[in-house]
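Participant:
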Amino acid sequence: MLLMKQGPIVIGLYFQKVYDDYRPIFISYPLWKDSLKDCMQFYIFHHEFRNNKNLQLDVPILNHQSKLLKYKSNFTEAVKCVQSQSSNLLQENVYVKDIFNYLDYLREHDLLIKLQRFDGKRELLIYSMMIALYTNNEDLLQWVCNKTKKQIQTWDKEYFKQCYGYDLETWEAELYQLIDQREEIMERIRINSMDKRIAKLKESHLII
């Protein structure tokens, strides 16, 4: 994996071996859980790229010199697709508005998030809250809370309770309780970021 630290998360590319190809996958993990092991156990999002034909983007493995030109062409196309579809989130400086725009894109277009119960949707809302808490900006926090409330209002309350065994209102209240836990959350992020596996990563900075 090629990862970088970006505020409260690590983000980057994971290359999955698929037959004679490598499939680049855009992936991110939280840094706010109790331990780095817990953080790296479940991703926030896991999104595949598309090529110019709107098919899954796969990069062939170069295994013969005669395939060099074709490989270079495919690799160049892959780089362009990754750059255009990662919404500028793999830069040294990243605007939080670009992150939120990308999360909106995932809600609309990522099949796993759309077809899952509420797991992916919940992770994206928690991630949004963590960005606001990490930047410690009151206006951004209020904006995130308002946006969160509007999104949750579109969820099926009965189906949510069937899936998780508790009310949607209970989970929503727990989400907002994170605001009062900011100091504890920031300390966990700091401790996990000090782990040598994270400390050695290139860092990307959030800009409001």
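The working numbering applies: residue 320 is where the sequence shown begins, and numbers increase by one.
Even for Gly, the Cβ is constructed at its ideal location relative to N, Cα and C.
Note that the coordinates shown come from a computational prediction; the quantities given were computed from them, not determined experimentally.
Could you give the DSSP three-state label for Ser354: helix, strand or coil?
Facilitator: Locating residue 354 in the sequence shown gives position 35, where the first residue counts as 1. Correct three-state label for Ser354: coil.
Participant: What is the residue span of the alpha helix (DSSP H) that Phe479 lies within?
Facilitator: For the purposes of this step, residue 479 is taken as the residue at position 160 of the sequence shown. From DSSP, the alpha helix (DSSP H) with Phe479 extends over 476–483.
Participant: For Lys551, count neighbouring C-beta atoms within 10 Å of its own C-beta (all shown protein chains included) and say buried if the count is 16 or more, exposed if not.
Facilitator: The requested residue 551 is not part of the displayed model; the chain covers only 320 to 527.
Participant: Given that a residue counts as buried once 16 or more other Cβ atoms are within 10 Å of its Cβ, and exposed if not, what is Arg436?
Facilitator: The residue given as residue 436 occupies position 117 in the sequence shown. Per the 10 Å Cβ criterion, exposed.
Participant: Among the residues of its own chain, which have a CB less than 6 angstroms from the CB of Ile552, if the five just before and after it don't count?
Facilitator: The displayed coordinates of the chain run from 320 to 527. Any statement about residue 552 would go beyond what the structure contains.
Participant: Do the stretch 465–480 and the stretch 511–521 touch if we need at least three Cβ pairs shorter than 8 angstroms?
Facilitator: Counting Cβ pairs under 8 angstroms, fewer than three are found: no touch.
Participant: Starting from the Cα of Ile418, find the closest Cα among Arg507, Ile508, Ile330, Ile510 and give me that residue.
Facilitator: Within the sequence shown, the letter at position 99 stands for residue 418. In terms of CA proximity to Ile418, Ile330 leads the group Arg507, Ile508, Ile330, Ile510.
Participant: Counting along the chain, where does the beta strand (DSSP E) carrying Phe345 start and finish?
Facilitator: For the purposes of this step, residue 345 is identified with residue 26 of the sequence shown, where counting begins at 1. Residues 340–349.
Participant: Give the range of the beta strand (DSSP E) segment to which Ile328 is assigned.
Facilitator: Here the question's residue 328 lines up with position 9 in the sequence shown. Note, Ile328: beta strand (DSSP E), 328–337.
Participant: Starting from the C-beta of Lys386, find all residues in its chain whose C-beta is less than 8 angstroms away, skip the five residues before and the five after it, and write them out in chain order.
Facilitator: Taking the sequence shown and counting its residues from 1, the one referred to as residue 386 is at position 67. Annotation note: pLDDT 49 at Lys386 (below 50); position unreliable, coordinate value reported separately. Only Pro379 meet the Cβ criterion.
Participant: According to DSSP, is Ile450 part of a helix, a strand, or is it coil?
Facilitator: Position 131 of the sequence shown, counting from 1, holds the residue named residue 450. Ile450 falls in the helix class under three-state DSSP.
Participant: What's the C-alpha gap between Lys502 and Asp340?
Facilitator: One-based indexing of the sequence shown puts residue 502 at position 183. One-based indexing of the sequence shown puts residue 340 at position 21. For clarity, residue 502 is Glu in the given sequence; the question names Lys instead. Going by the C-alpha atoms only, they are around 44 angstroms apart.
Participant: Answer yes or no: do Ile471 and Leu452 have a C-beta to C-beta separation smaller than 8 angstroms?
Facilitator: As a working note, residue 471 is residue 152 in the sequence shown. As a working note, residue 452 is residue 133 in the sequence shown. Taking 8 angstroms as the Cβ cut-off, Ile471 and Leu452 do not qualify as a contacting pair.
Participant: Excluding the five sequence neighbours on either side, which residues of its own chain have a C-beta within less than 8 angstroms of the C-beta of Ile328, listed in chain order?
Facilitator: The residue given as residue 328 occupies position 9 in the sequence shown. Ser347, Tyr348, Pro349, Leu350, Ile363, Tyr446, Met449.
Participant: Roughly how many angstroms lie between the CA atoms of Gln375 and Glu367, to the nearest whole one?
Facilitator: The count along the sequence shown starts at 1 and reaches residue 375 at position 56. The count along the sequence shown starts at 1 and reaches residue 367 at position 48. For Gln375 and Glu367, the distance between alpha carbons rounds to 7 angstroms.
Participant: Around the Cβ of Ile510, are there at least 16 other Cβ atoms within 10 angstroms (buried) or fewer (exposed)?
Facilitator: Translated into the one-based positions of the sequence shown, residue 510 becomes position 191. Ile510 is exposed by the Cβ-count criterion.
Participant: In angstroms with no decimal places, state the Cα-to-Cα distance between Asp353 and Met505.
Facilitator: Stepping through the sequence shown from its first residue, residue 353 is reached at position 34. Stepping through the sequence shown from its first residue, residue 505 is reached at position 186. If I take the Cα positions, the gap works out to 11 angstroms.
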